[in-house]
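In the numbering used here, the protein residues as written are 159 to 250.
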Amino acid sequence: MVENVIWPAYLDASKTRAEGRRVPRDQAVDEPTVDEIAEAVQQVGYDAVIERDKTYSREFEPRGRVLVQGADDATKNDLVQAVAAYVGILRD
């Protein structure tokens, strides 16, 4: 089973691509939380596990990460794009 990891930095509008953002700035959101990401992953149709005590390698403060389980049929890029879209919808 493939287990993808989504860090909040992947969706953070305040980050640059070099700092870890993986989606276009117009799809990114300000300060995404692991709870929002996990809810968006579940809306996309996959299982999410939150690990709150993890720190992304390019950051200093632990913001956690979300493990996505059962996403064998999607590429990581497609998954991150879909999750970013849902987080944006959840915020509206």
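The C-beta atom is built at its ideal place from N, Cα and C for all residues, glycine as well.
query: Distance between beta carbons of Ala-186 and Asp-170, contact taken as under 8 Å; result: 6 Å
query: Unbroken beta strand (DSSP E) run spanning Val-207, endpoints; result: 205–209
query: Among Asp-205, Ala-167 and Leu-248, nearest to Arg-183 - alpha-carbon criterion; result: Ala-167
query: Backbone CA spacing between Gly-228 and Tyr-204 [nearest angstrom]; result: 6 Å
query: The alpha helix (DSSP H) enclosing Val-192, as first and last residue numbers; result: 192–202
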